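Participant: Chains as they are written, first to last, in our numbering: chain A, 1 to 334; chain B, 1001 to 1288. Glycine included, C-beta positions come from ideal geometry on N, C-alpha and C. Just so we're clear, the structure is a prediction, and the values are computed from it rather than from any experiment.
1) Measuring straight from C-alpha to C-alpha, what distance separates residue 179(A) and residue 113(A)?
2) With 8 Å as the limit, tell me which residues of the segment 21-51 of chain A have their beta carbon closer than that to any beta carbon of chain B; keep them in chain order.
3) Among the residues of its own chain, which have a CB less than 7 Å from the CB of residue 199(A), if the five just before and after it don't count?
4) Distance check for residue 238(A) and residue 1220(B), CA to CA, integer angstroms please.
5) Could you please give the first and the last residue of the uninterrupted alpha helix (DSSP H) stretch that includes residue 231(A)?
6) Hey, could you find the ends of the alpha helix (DSSP H) residue 142(A) is sitting in?
7) Name, in chain order, the residues that DSSP records as bridge partners for residue 1076(B).
8) Name, please, each residue of chain B whose Cβ falls closer than 9 Å to the Cβ of residue 130(A).
9) Quick one: measure Cβ to Cβ for residue 1202(B) and residue 1167(B), integer angstroms, because I've assumed they're closer than 8 Å.
10) Kindly list, in the order they appear in chain A, the residues whose Cβ is closer than 7 Å to that of residue 1250(B).
11) Let me know if residue 1170(B) comes out buried or exposed under the rule of 16 or more other beta-carbons within 10 Å of its beta-carbon.
12) Name the chain A residues that come within less than 7 Å of residue 1246(B), Cβ to Cβ?
13) Which chain B residues are close to residue 55(A), counting only those with a beta carbon under 7 Å from its beta carbon?
14) Hey, out of 253(A), 213(A) and 313(A), whose CA is closest to residue 111(A)'s CA?
15) When you compare each of 1262(B), 1053(B) and 1190(B) to residue 1080(B) by their alpha carbons, which one comes out closest?
16) For the alpha helix (DSSP H) that residue 1022(B) lies in, which residues bound it at each end?
17) Suppose you measure from the CA of residue 322(A) to the CA of residue 316(A); what does that come to, to the nearest Å?
18) Work out the CA separation of residue 60(A) and residue 1143(B) for me, nearest whole Å.
19) What are the partner residues of residue 79(A), as DSSP defines its beta bridges?
20) Of the residues that make up the segment 1121-1132 of chain B, which ones have a beta carbon closer than 7 Å to any beta carbon in chain A?
21) Any idea if residue 279(A) is buried or exposed, counting beta-carbon neighbours within 10 angstroms, 16 or more meaning buried?
22) Please state the DSSP three-state secondary structure of residue 266(A).
23) Would you report the Cα separation of residue 184(A) and residue 148(A), rounded to the nearest angstrom?
24) Please state if the CB of residue 271(A) and the CB of residue 309(A) are separated by a distance shorter than 8 Å.
25) Within the 8 Å Cβ cut-off, does residue 1242(B) reach chain A?
26) Exposed or buried, residue 127(A), counting other C-beta atoms within 10 Å across all chains shown (16 or more means buried)?
27) Assign residue 1224(B) to one of three DSSP states: helix, strand, or coil.
28) Can you list the alpha helix (DSSP H) stretches of 4 or more residues lying completely in the segment 1211-1261 of chain B, in chain order?
29) Whole angstroms are fine: how far does the CA of residue 1060(B) sit from the CA of residue 27(A)?
30) Taking only beta carbons into account, state which residues of the segment 1086-1111 of chain B come closer than 9 Å to chain A, listed in chain order.
31) Please report the distance separating the alpha-carbon of residue 223(A) from that of residue 1222(B).
32) Could you check whether the segment 1082-1091 of chain B touches the segment 1038-1057 of chain B, counting it as contact only if at least three pairs of C-beta atoms, one from each stretch, sit closer than 8 Å?
33) Please state the DSSP three-state secondary structure of residue 1116(B).
34) Can you pull out the residues from the segment 1261-1275 of chain B whose beta carbon lies closer than 7 Å to at least one beta carbon of chain A?
35) Got a sec, what are the start and stop residues for the alpha helix (DSSP H) residue 1150(B) sits in?
36) Between residue 145(A) and the rest of its own chain, which residues show a CB-CB distance below 7 Å, the 5 nearest in sequence each way excluded?
Pasting the structure below:
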């Protein structure tokens, strides 16, 4: 178990190294001189050379890459062209907003998707079943940016119930403790701030969670149907156990492995979905930071963010693989 | 499965499964996309780039000239949607074909030969698979700039992986089958076996993968265009139209509704068709 985990964790290193090289090569292949993004149009040749030297851009590409790697290994991802601040600081300041949004979206997807999936399997051909089977296709076919715009149109525009973007109303003075607004509000007993934070979270979390809800619903349904046909379920029913116990304590517990699998597989879609949803709702997370960085051709920021996203994604996949072997010991370690 | 090819079945019943409502809807959507894309200049009532500030933000009108209304600079929405289909169609076909060829070739070579070359190709795959979906595409466009070819490369950069995985798995199970062993003992070379015995037998499942890849390509292209990372903004795209609509959402709902509806219905149709093909050819293909 431990050897397997350690082996998987170390196996990540070569992949991430090649990923970093690939991203660095892409940056090198970018048209235009990055120095021109740092100087004004009137800058003289001397100015340009001085600034290139200050940012290390006068070095050969191989030296730049090695410098980048050594710095990255110690948590320094370089300095943003636009903000003139360390990329890592910019990311860390915005990361809680992204995590909070992703967490609420996942919670929403789980708490709607699983019960609907179980109900659909328990009552085949009922309304839940129809909703369940349509839901999956709906989820994968619905562009989240369109859904977001429609939500703004209806709930922020016409009904005027919820804010159309941002994370908190202007001028809300909630001191930051963890960076997670809902948690900070509860910790400080600021119920007004909690209410505002939840109001701002509602639309982006629903939009980000919609695709996952559909997929969780489908997988739960399929996996439950499979388990409900097993002998142990018949035995449980023959023992006279109530339908609810059979459904949740027996069949669902076994269906859980597939549900965890799919939540893990959907983590990547959650990341790319968040980049888009944060842009639609002006949510001040790292997705919006990336898109703004691209607009300003802020190369260090883009490179840093792509590497952070990829590292999080790869590590998450490894953790899920390790989690499997704990949940289901039958899965043999390779 | 191994002996199944596209020619399985006979006569009219061979294609009868395409008459299921789900498949018909999908075929209708693909047909509409092809017709709109190919004949856009003939069908579109207006020049999609023609601005008419006097008619800006005209709501949809059943009898007037602008059936679906106009945008913030008075361009006809219906015409832009029809021309937008061109970009979606062109990019979807290019991505499906290029990533399909790359994925299938790498996959069957990997699965058929195994050993060293297999582990090399799998390492290569692992690197591209390490990026969250769409992020590599975003990075490619962010660094290399906007353009049709770059968007196609960006979207194909990860799309080949599902083809490769499934082609590898199927080639692995085919390589020891009797008819392949027989062909080999009769002196057929590797290229010939791959081309004449392995490839035809994996085509049905590749068709299924390709159908889903097309849906993904269309939705991803729209996402890139929406983020301002697609083809240059002078070319009308469905995603780009939605990006324009964001600023006028409180006044002109039609600008947001119709382009999104086109993306949704097209992608939904293709996904449903993919599901029908999957059940027809191989119910085992699930998460590839």
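Facilitator: Based on what the coordinates show:
1) Rounded to the nearest angstrom, the two C-alpha atoms are 28 Å apart.
2) 22, 23, 26, 27, 29, 30 and 31
3) 162 and 163
4) 50 Å
5) 231-238
6) No alpha helix (DSSP H) holds residue 142(A); DSSP gives it neither H nor E.
7) 1070(B)
8) By Cβ distance, chain B contributes nothing, its closest Cβ being about 14 Å from residue 130(A), past 9 Å.
9) 6 Å
10) 157
11) buried
12) 149
13) Going along chain B, no residue has its Cβ under 7 Å from residue 55(A), so there is no contact; the nearest lies around 17 Å.
14) Comparing Cα positions, the closest option is 213(A).
15) 1262(B)
16) 1021-1038 is the span of the alpha helix (DSSP H), which, as asked, contains residue 1022(B).
17) 10 Å
18) Taking the straight line joining both Cα atoms gives about 19 Å.
19) Paired residues: 86(A).
20) 1126, 1127, 1130, 1131 and 1132
21) buried
22) coil
23) 26 Å
24) yes
25) yes
26) exposed
27) helix
28) 1238-1246
29) Rounded to whole angstroms, the gap between the alpha carbons of residue 27(A) and residue 1060(B) is 45 Å.
30) none
31) 33 Å
32) Taking 8 Å as the limit for Cβ pairs, the verdict is that the segment 1038-1057 of chain B does touch the segment 1082-1091 of chain B.
33) In the structure shown, residue 1116(B) adopts helical secondary structure according to DSSP, grouped into three states.
34) 1263, 1264, 1267, 1268, 1271 and 1272
35) 1148-1174
36) 276 and 280
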